[in-house]
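Trainee: Residues 496 to 719, numbered by our numbering, are exactly what the sequence shown covers, in order.
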Amino acid sequence: MLIDVASTTVIPRDCTNRIAIIPIGSLEYHGGLLPLNIDSIISSKIIDYCISDVDPNICLLKYPVLQYGFSPEWLSFSGTVSIDSETYKRLIYSILKSIEFNVSPLGFIIVNAHGSNYYPLKSLVNEYYMERRIPIVIIDIWRIAGKYGITYCHACELEAELYHRFMGIEVKASNNIYCREIDGIYTEYSVGRCGELSVSIDDFLKSICKYFGIAVETIAKHKR
């Protein structure tokens with residue numbers, strides 16, 4: 496069962512075995528090629544795409560996508576909004592704690608589609624689990640893409656393909672190869688990609704859904 500929290504009037508009492516799902520994206524420059532909220536669109540739509548194979552006895556509570564992220568690398572481009580990492584962590588913490596307080600889920604699944612969100616998210620999730628002892632799984636689509644050859648993608652063909660798949664809108668994307676040199680920290684960012692997706696877009700999405708299903712099954716076994 497899927498409950499869209501934003502559009503429902505009340506969470507049904509028969510909605511037990513609850514798992515809270517939070518899509519996370521960003522609002523940032525995407526090369527003048529894709530909409531600034533493309534990461535938010537992708538994270539939300541991937542959840543909708545993956546829920547069909549989930550046990551109907553599990554009540555999935557889908558929360559509204561968090562449209563803002565940690566995007567300092569694109570802050571010099573107009574339209575980008577970036578939340579500093581500590582504020583971002585406190586924001587996510589408050590969201591999780593509110594949901595835990597009034598919904599009492601078995602756990603959380605965070606679906607992230609913006610690469611730079613990952614490290615503050617990972618830090619926050621570790622801290623939250625140690626304090627609250629409630630399972631939280633991060634499904635980061637770019638870590639999964641990394642298993643299939645993509646090491647960097649920003650306004651690249653893969654994002655454009657996902658946008659077309661979910662929204663039916665064809666957009667030209669950058670096909671520039673851009674492999675960043677890493678020296679401790681990222682010092683430069685550019686539109687483009689590094690690496691090639693070694694599987695079809697369908698197989699890539701199936702892989703994400705596989706991780707999603709494993710996350711649901713793992714959390715469902717957790718009894719508070």
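From the three backbone atoms N, C-alpha and C, an ideal C-beta is built for every residue, glycine too. Keep in mind that this is a model prediction, so the values were computed, not measured.
(1) For the alpha helix (DSSP H) that contains K557, what are its first and last residues?
(2) How about I542 and G602: do their beta carbons lie closer than 7 Å?
(3) Over the uninterrupted beta strand (DSSP E) stretch that includes F572, give me the two end residues.
(4) Relative to the C-alpha of S702, which residue among S566, T646, I634 is closest?
(5) With DSSP collapsed to three states, give me the class of V620.
(6) Shortest alpha-carbon distance to R688 belongs to which of P559, E652, V598?
(7) Would the beta-carbon of N612 fall within 7 Å of that of G574?
(8) To the nearest angstrom, report how far apart I645 and A655 are at their CA atoms.
(9) In three-state terms, what does DSSP make of L561?
(10) Would I668 be called buried (16 or more neighbouring beta carbons within 10 Å of its own) or exposed?
(11) Checking 7 Å against the spacing of the C-beta atoms, do V723 and I536 come in under that value?
Mentor: With the given structure in hand:
(1) Looking at the DSSP string, K557 is not in any alpha helix (DSSP H); the run it does join, the beta strand (DSSP E), is 554-557.
(2) Contact: no.
(3) Here F572 belongs to no beta strand (DSSP E), and DSSP marks it neither H nor E.
(4) I634
(5) DSSP, read as helix, strand or coil, puts V620 in helix.
(6) Checked all of P559, E652, V598; the closest Cα to R688 is E652.
(7) no
(8) 14 Å
(9) strand
(10) Looking at the sequence itself, residue 668 is Ala, so the reference to Ile does not match. Result: buried.
(11) Since the first residue shown for the chain is 496 and the last is 719, residue 723 is missing from the structure and cannot be characterised.
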